[in-house]
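Line by line, the protein sequences are chains A and B.
Just so it is clear: in the first sequence, position 397 is 397 by the working numbering, and no numbers are missing.
In the working numbering, each residue's number is its place in the second sequence (first place is 1) plus 690.
Even glycine gets a Cβ: it sits at the ideal position worked out from N, Cα and C.
Source: prediction; values computed, not measured.
Single-structure report; data block below.
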Amino acid sequence: MAERKLFADELAEILDAFLFASPSHRSIERLAEMLEPLPRRQQEFVLRVSRGAAKTNTEIAYLIATLSIDALGRLDEKAFEDWVIAGLDVFDKKGLRAAVETLRDIDGFLAMREGRLHASFAEVEQRLARFVLGLSGRPLAIKSGAYPWTDTETIFLPERLAYFATAEENRRFYQGLAVQLWAQTRYGTFNVDLEEVLAAWPEPIERGQALIWLAHLEAVRLAACVARDLPGLGVLLAGLCGAWPTELQPAIAELQAADADIACTLRWLEHFMAAGAVPPVPTFVGRLEPRIAGRVRAERIQRDTETVKKAIGALKGAGGTRNAPPNDFSAALNQETGEIEVRIDGQAVKLPDDARAAAQSLLQDLGQVPPEALSPAGAAPWTPDDRPKPDAPLMSGTRPPDFRYDEWDYHRNAYRRDWCHVYVTDVKPGEGAFVSATKVRYAPFIHQLKRRFEAVRGEDRILGRQPEGEDIDLDALVEAVNDRKSGAEPSSRLFCRRVRNERSLAAMFMIDMSGSTKGWVNDAEREALVMLCEALEKLGDAYAIYGFSGWTRTRCDIYRIKGFTDAYDEAVRARIDGIEAKDYTRMGVAIRHLSHLLNAQPARHKLLVTLSDGRPDDFGDEYRGTYGVEDTRRALQEAREQGIRSYCITIDRQGADYLKHMMGPASYTVLDDVKKLPLKVADIYRKLTA
Amino acid sequence: MTTTAFRTITPELESLATEPYYQPVAAEVALFEAAAQKRLPVLLKGPTGCGKTRFVEYMAWKLKRPLVTVACHDDLTTADLVGRYLIIGDETIWLDGPLTAAVRAGAICYLDEIVEARKDTTVVIHPLADSRRALAVDKRGELIPAPPGFMLVISYNPGYQSVLKEIKPSTRQRFVALEFDYPHAEVETQIVATEGGIDADTAKKLVKLGELTRNLKGAGLDEGASTRLLVHAAQLIGAGMAPGVASTAAVARALTDDPDMTQTLDDLVRAVF
């Protein structure tokens, strides 16, 4: 065929032949006109490629043809084909809508192709979460959201960022956004009632503008705050956002002053709004959601205030119940150190860690600790978190309980006798496929674990002064020579002998089978157990695994997965497979029963390891909150008195708040990622017993 | 057998000539002096690198007593502390161990990380740590009464997480316990600046970094950066290294091997400098 271009009507005919099924085929003539100016070679190319695509989906083929002019301008033929293939791939996996989006995003495709990748939330999540934790020193979670904003307890960041050309820059952009949002919680953006301020502009359009102004003005102020405290981050922020939009110029100097606070921002907000100025286009700044943030913040302040109050109350001896007359009692904030100093009769007393953390959190929120927090708590009991729970079906005891245990009631400062009814059953065996799948999946890691555990076991000890052995004990020999010289009878125990170190350790693993573990916490727990068993078999320590769950005090279930005398055999593996999420987490009674079992072991060292995903909890309000924490703490103390060391591994990110009090310092690990559980549990055990 | 049959060698102990730098944080100096005056043994507990050893050095200097420091480890035997016979040529001699030497000289004996020592070893210090104040040297059949100047100081880090390494109540209940923690920001800044020979502004940044890493304790790090690590970084900076490089080497890399955690620490270093 000659090199003549195809005319629009010719093109339309060809296109119609394979696009007739497309809902958009009515506009084929326009499409044909678009393609007419192209050289013949490119016309043929576009027709060929879109014909190919039409075999998958005509709508996509139509889109490709429509976009081809733009695409040909930026992609060579090879890249063009790859672009189409990428689009079809997405269509196969995610359907038409996603495919259309992908194809339209030629920039994104180019970026990807040139190795200039966008950054995704998933890849930065863990790193940012730890970073933000390091910055804030109080729990501040990171989640993905439609746009960047924070409710002051969680930072929401978009799923994908492709604002900059390289993946690295976009990752820094993520970091920059997270820092900016953290700064909102740290430098007092929400320290005034923004809703009240915004009420001045009730019209949605005006309110929207005010919010954008507010976000920008705060961004300027916060960037300066960050730069003062963390110069490195200041440089990062400045690099990311470049020069501030010119609209902001008049305000910048004032906002960047060291003493600028939210009031300063609000003055400028009023100024700009009164002038009717149009806000700059939001690019780098996160959005503000004052209503949600205000509520979350208020709840946290109340919670922290109560925590501090209670701690001070407890220190004072009032314990939140009695109103003992103050005998020279003072609690005040030391402005220099930022710590609350409690003095009783002139003696400085340290606040417990949870209260110190709460006070720090209050300082971050309010810049001070409210006076009411410094007065001891009154009589009203307080529960930290009252989530609604589904109604419980009635449990009727069909058999008498296997055991009864006391429970500690911190209100009364006394035990409730035989309060909890324990039923012991075996976990209903699963099919066993899970265990073998886990073994395959983690094979290299299991191998590595086994070797490390072998190294622990292989630690030999040299016994001196033995009647026989492979080497001479020089100390003993020297002594013997001296004894002989001085006329005493020398000892004949002159040898040393290597012996394998006797560990004499029994470990009990207590597995949280509460409803909240459903899903992949449960999977992670089971995987962790498989790896643990594989590794422990090498070590030779006596170990047992029990699950616990329950529904009120009359139904505390203990599930046997592996008893101390059970071998790690098919039956045990099937039971690991069968572990499933059940009901609630009444921890105290489980600890009491399992330490009872552990106590019967002859080993010299006894260890109780708890795997859990949250704080103690049970149906109804009684056990939730402080009661459960105090009972658990008491049960652990009892265990300790029997010579049992306890350790808790949790994936509850809020865990640090109560674990130190409940478990004691250095007796717990908070994993920030449930995926790490299988890899970490065995390792933690090894460290614990090294 | 008589104890005079063999020559005895006792290491010479000298008092510290120069004042070690120590920045008091609370009432620890007065408490230690009171304990010394009343001849009570002292237990120092606190995280690694918070100044326990330096404190003992400082107190030894202040009280003008020699100091014997023993870093305990799991193979530390009673003989390593008390002493042993040696044969040199044809002669048998007795070499006093560090503890015996300290007792004889009326020195301060500091057993660092006592939990690391074998359990049977710690029993030998018991008679020294109560009203008996005497050291029994079984091998020589000798009971050495401690002179007034002798003082026993032990330390341990409650953050160590091994079940097998715990200080026995029978040991710990003989001691006056002083708790150490990382000092407050201002005090720590002063320490880092003085020790590292750097300006207050850079020291403040290092302390900030320390604070950020301590926020991560329990969430991937066993311990946050100690004052000692911050001082190391300061010293590197004082020697001309760029602050970021110095902190990465002295703080970030020293804290963890975990690649994820290393990344986070690097981020924090970059955040501060």
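Length of the line joining the Cα atoms of M145(A) and F284(A): Contrary to the premise, residue 145(A) reads as Gly rather than Met in this sequence. Answer to the nearest angstrom: the Cα atoms are 16 Å apart.
Does the beta carbon of G908(B) come closer than 8 Å to any beta carbon on chain A? Chain A places a beta carbon closer than 8 Å to that of G908(B), counting this residue as a contact.
What are the residues of the region 939-961 of chain B that lie near chain A, defined by any Cβ-Cβ distance shorter than 9 Å? So the list reads D950, M951, Q953, T954, L955, D957, L958, V959, R960 and A961, given in the order they occur along the chain.
Integer Cβ distance of M830(B) from W784(B), believed to fall under 8 Å: The identity of residue 830(B) in the sequence shown is Arg, whereas the question assumes Met. Taking 8 Å as the upper bound for CB-CB distance, R830(B) and W784(B) are in contact here, some 7 Å apart.
Return the CA-CA distance between D512(A) and G886(B), expressed in angstroms with no decimal places. Rounded to the nearest angstrom, the two C-alpha atoms are 49 Å apart.
How would you call H605(A), buried or exposed, if buried means at least 16 neighbouring beta carbons within 10 angstroms? Label assigned to H605(A): buried.
Rounded to whole angstroms, what's the CA-CA distance from K309(A) to R295(A)? Just pull it up for me. Near 21 Å, if we compare the C-alpha coordinates of R295(A) and K309(A).
For M951(B) and D889(B), what's the separation of their Cα atoms in angstroms? So the alpha carbons of these two residues sit roughly 29 Å apart.
Using only CA atoms, which one of A488(A), E169(A), V281(A) and G578(A) lies nearest to T425(A)? Closest option to T425(A), Cα to Cα, is G578(A).
Which residues in chain A have a C-beta closer than 7 Å to the C-beta of P714(B)? List them in chain order. Near P714(B) there are no residues of chain A at all, since even the closest Cβ is about 15 Å away, more than 7 Å.
Quick check: is the beta carbon of D613(A) nearer than 8 Å to any beta carbon in chain B? Output row for D613(A): interface = no.
For the region 111-137 of chain A, which residues have a CB atom closer than 8 Å to at least one CB atom of chain B, in sequence order? Result list: Q126, R127, R130, F131, L133, G134, L135, S136 and G137.
Neighbouring residues, chain B, relative to K680(A) (Cβ below 7 Å): Simply none; closest approach about 10 Å.
Flag G588(A) as yes if its beta-carbon sits less than 8 Å from any beta-carbon of chain B, otherwise no. By this cut-off, G588(A) is not an interface position.
What distance in whole Å lies between the Cβ atoms of E534(A) and K428(A), which are believed to be in contact at a cut-off of 8 Å? Not really, about 23 Å apart at Cβ, beyond 8 Å.
Return the chain-ordered list of same chain residues with a C-beta closer than 6 Å to the C-beta of G928(B), the five sequence neighbours on each side being excluded. Non-local C-beta neighbours of G928(B) in its own chain, meaning closer than 6 Å and more than five positions away in sequence, comprise G886, G887 and I888, ordered along the chain.
How is T552(A) classed by DSSP in three states: helix, strand or coil? In this structure, T552(A) counts as coil in the three-state DSSP scheme.
Among L75(A), S22(A), R48(A) and R40(A), the one whose alpha carbon lies nearest that of T58(A): The candidate whose alpha carbon is nearest that of T58(A) is S22(A).
Going by the beta-carbon positions, is the gap between F109(A) and A86(A) smaller than 8 Å? Yes, these two residues count as a Cβ contact at 8 Å.
Counting pairs of beta carbons, one from the region 214-230 of chain A and one from the region 162-180 of chain A, are three or more of them closer than 8 Å? For the pair of segments examined, the region 214-230 of chain A was found to touch the region 162-180 of chain A: the number of CB pairs separated by less than 8 Å reaches three.
Counting pairs of beta carbons, one from the region 638-654 of chain A and one from the region 600-619 of chain A, are three or more of them closer than 8 Å? Yes, the region 638-654 of chain A is in contact with the region 600-619 of chain A.
Considering Y584(A), what are the terminal residues of the alpha helix (DSSP H) in which it resides? Note, Y584(A): premise wrong, no alpha helix (DSSP H); not H, not E.
Within 10 Å of its beta-carbon, does Q736(A) have 16 or more other beta-carbons around it, so buried, or fewer, so exposed? For residue 736(A) there is no data in the structure shown, the boundaries of chain A being 1 and 690.
Anything in the region 766-779 of chain B with a Cβ closer than 9 Å to a Cβ of chain A? List those residues in chain order, please. Residues T767, A769, R774, Y775, L776 and I777.
Would you kindly work out how many angstroms separate the C-alpha atoms of P731(B) and A725(B), rounded to a whole number? Computed Cα separation, rounded: 7 Å.
Alpha carbon of A769(B) to alpha carbon of T879(B), nearest angstrom: Between A769(B) and T879(B), the C-alpha separation is close to 42 Å.
With a CB to CB cut of under 8 Å and the five nearest residues on each side skipped, what residues in its chain are close to M587(A)? Result list for M587(A): F548, T610, S612, P616, G628, D631, T632 and A635, in chain order.
Does any residue of chain A have a CB that is nearer than 8 Å to the CB of L902(B)? At least one chain A Cβ lies under 8 Å of L902(B).
Using a Cβ-Cβ distance cut-off of 8 Å, determine whether V478(A) contacts chain B. Contact with chain B is found for V478(A), since one of that chain's Cβ atoms lies less than 8 Å from the residue's Cβ.
Out of T517(A), D151(A), I558(A) and D618(A), which one is the CA nearest neighbour of L677(A)? Of the listed residues, the one whose Cα sits closest to L677(A) is T517(A).
Does the distance from the CB of L733(B) to the CB of A867(B) come in under 8 Å? Taking 8 Å as the cut-off, the Cβ atoms of L733(B) and A867(B) count as close.
Is it a yes or a no for the region 694-714 of chain B touching the region 929-938 of chain B, going by three-plus beta-carbon pairs under 8 Å? Counting Cβ pairs under 8 Å, fewer than three are found: no touch.
Whose Cβ in chain A lies nearer than 9 Å to the Cβ of T892(B)? The contacting residues do not exist; T892(B) stays about 11 Å from chain A at best.
Would you verify that the beta carbon of F963(B) is, or is not, closer than 8 Å to some beta carbon of chain A? Interface residue, yes.
Range covered by the alpha helix (DSSP H) that runs through P835(B): Counting along the chain, P835(B) falls outside any alpha helix (DSSP H), though it belongs to the beta strand (DSSP E) covering E832 to P835.
So T782(B) contacts chain A; which residues on that side make the cut at Cβ distance below 8 Å? Neighbours of T782(B) on chain A, chain order: V478, V481, N482 and K485.
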